[in-house]
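Number of protein chains: 2
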Amino acid sequence: MRTVEKQNKKSRLNESLKNSGMKLTRQRKLVYDTLLEKLDHPTAEDLFFRARKKQPEISMATVYNCLEALVKCGLVKQVKVGKNAVRYCANLCEHAHFVCEVCGAIFDLDRDNREKFKNMQIKIPRGFKIHNFEIAIHGTCSDCNILRI
Amino acid sequence: MRTVEKQNKKSRLNESLKNSGMKLTRQRKLVYDTLLEKLDHPTAEDLFFRARKKQPEISMATVYNCLEALVKCGLVKQVKVGKNAVRYCANLCEHAHFVCEVCGAIFDLDRDNREKFKNMQIKIPRGFKIHNFEIAIHGTCSDCNILRI
DNA sequence: CTAGGTGCAAAAGGTTTGCGGTTAA
DNA sequence: TTAACCGCAAACCTTTTGCACCTAG
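Protein chains in written order, with this note's numbering: chain G, 47 to 195; chain R, 47 to 195.
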């Protein structure tokens, strides 16, 4: 990663935390970096193991706390699909998630749908206000479809 | 409820269970009826307390088992929003859920959006297959907006 | 008659919390 | 300097499971 990008990333994290009245700590940076490294929608536990490789003292509770902070300041979103632990997503574009019912993998659907999501005018009752929305599509991915033939 | 409707409901439950190789039991009927009574997206625990009023011997585990059976046979859907227990929904129309971030209430959005959801052509990668999708909209409901002014 | 379901209690996740020590600003 | 945060362990809440008994078909 180029130096400029690193600075952008760090300052984005710092700013976002500061805007929400929170501090930039080593652990929060570590968890955020770890999440950005591999955009595969890891669970808190996944992130714990990945983060521990770089900072062995970090604890599970800290990972949860850091993720909570990152969600609060708007840099990370929770993804609740399947029947297991919550997954985390640092992709801030409006996008849908495709969940493979066979292998459990989660794919971001954004490239071809961004306009569609932007223009989607869902009708809501008078007086309601929308903050954001999430779309989860359940199905089977190409790899699993091939294996099933 | 008219007798015809009762029969339709019972036979629908019976057929759906049978199609999935499961039996119609008193508890499954009770849990399904209880869910249909009040379409407020209750948790398993909510349903347990409501069902227990009619059949005090029913256990929490049975409520979970019955809900699992109802989900498997396609009559009930799980709704995962907010940070607490899974909620259950017996509305089988394609619809989105509006989740109030203040009071936690969940509203079905279908009336004005059914066509939109049907026609929504989300682009997915080659080889992927869609089974179904869920849309959750987060925001604030009219009651909570009034109280906040 | 018997496969499948129930009720109970106990265990298993996943997540949160209380607390003493540490650190960012 | 000090409010906020970390690491640990224990608690908590939701959900699942094992097992003896029961029941729908």
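Every residue gets a Cβ at the ideal spot worked out from N, C-alpha and C, and that includes glycine.
What residues in its chain sit with their C-beta under 7 Å from that of residue i, if we drop five residues either side in the sequence?
i, result
"K164/R", "E140"
"E204/G", "No statement about residue 204/G is possible, as the shown extent of chain G runs from 47 to 195 and does not include it."
"Q124/G", "V117, V132 and Y134"
"C190/G", "C146, V148 and C149"
"T186/G", "C146, E147 and V148"
"T108/R", "Q73"
Within 10 angstroms of the Cβ of residue i, are there 16 or more other Cβ atoms? Answer buried if so, exposed if not.
i, result
"N159/G", "buried"
"T102/G", "Reading off the sequence shown, one finds Pro at residue 102/G, where the question assumed Thr. P102/G comes out exposed."
"P88/R", "buried"
"R133/R", "buried"
"I176/G", "exposed"
"F95/R", "exposed"
"I183/R", "buried"
"L85/R", "exposed"
"A97/G", "buried"
"L138/R", "exposed"
Near residue i, what residues of its chain come up, given a Cβ to Cβ distance below 8 Å and the 5 sequence neighbours on each side ignored?
i, result
"R58/G", "L121"
"K100/R", "L76 and T80"
Whose C-beta lies closer than 6 Å to the C-beta of residue i among residues of the same chain, with five residues either side of it excluded?
i, result
"C112/G", "Q73, R74 and V77"
"N198/R", "Examination of residue 198/R is not possible in this model, given that chain R is present from 47 through 195 alone."
"I181/G", "A142"
"M68/R", "A115"
Along chain R, in chain order, which residues have C-beta atoms closer than 9 Å to that of residue i?
i, result
"F94/G", "Those do not exist, as F94/G stays about 19 Å from chain R at its closest Cβ, beyond 9 Å."
For a contact defined as C-beta to C-beta under 8 Å, what are the partners of residue i on chain G?
i, result
"T186/R", "F174, K175 and H177"
"A126/R", "Sequence check: residue 126/R is Lys here, not Ala. Simply K126 and V127."
Give the residues of chain R in contact with residue i, contact being defined as C-beta atoms less than 8 Å apart.
i, result
"I104/G", "Those within 8 Å of I104/G in chain R number zero; the least Cβ separation is about 23 Å."
Mind listing the chain R neighbours of residue i? Cutoff is C-beta to C-beta under 7 Å, in chain order.
i, result
"N191/G", "G173 and K175"
"K123/G", "Those within 7 Å of K123/G in chain R number zero; the least Cβ separation is about 11 Å."
"A182/G", "F179 and E180"
Under 7 Å between beta-carbons, which chain G residues line up against residue i? List them in chain order, please.
i, result
"A142/R", "I168"
Legend entry - Cβ contact check for the segment 108–124 of chain G and the segment 56–67 of chain G: 3 or more pairs under 8 Å: yes
Inset, instruction - Determine which residues of the segment 169–180 of chain R have a Cβ less than 9 Å from any Cβ of chain G, and write them out in chain order. - result: K169, I170, P171, R172, G173, F174, K175, I176, H177, N178, F179 and E180
Inset, instruction - Can you give me, in chain order, the residues of the segment 148–161 of chain G that have a beta carbon less than 9 Å from any beta carbon in chain R? - result: F153, L155, R157, D158 and N159
Inset, instruction - Note down, in chain order, all residues in the segment 55–66 of chain R with a beta-carbon under 7 Å from any beta-carbon belonging to chain G. - result: none
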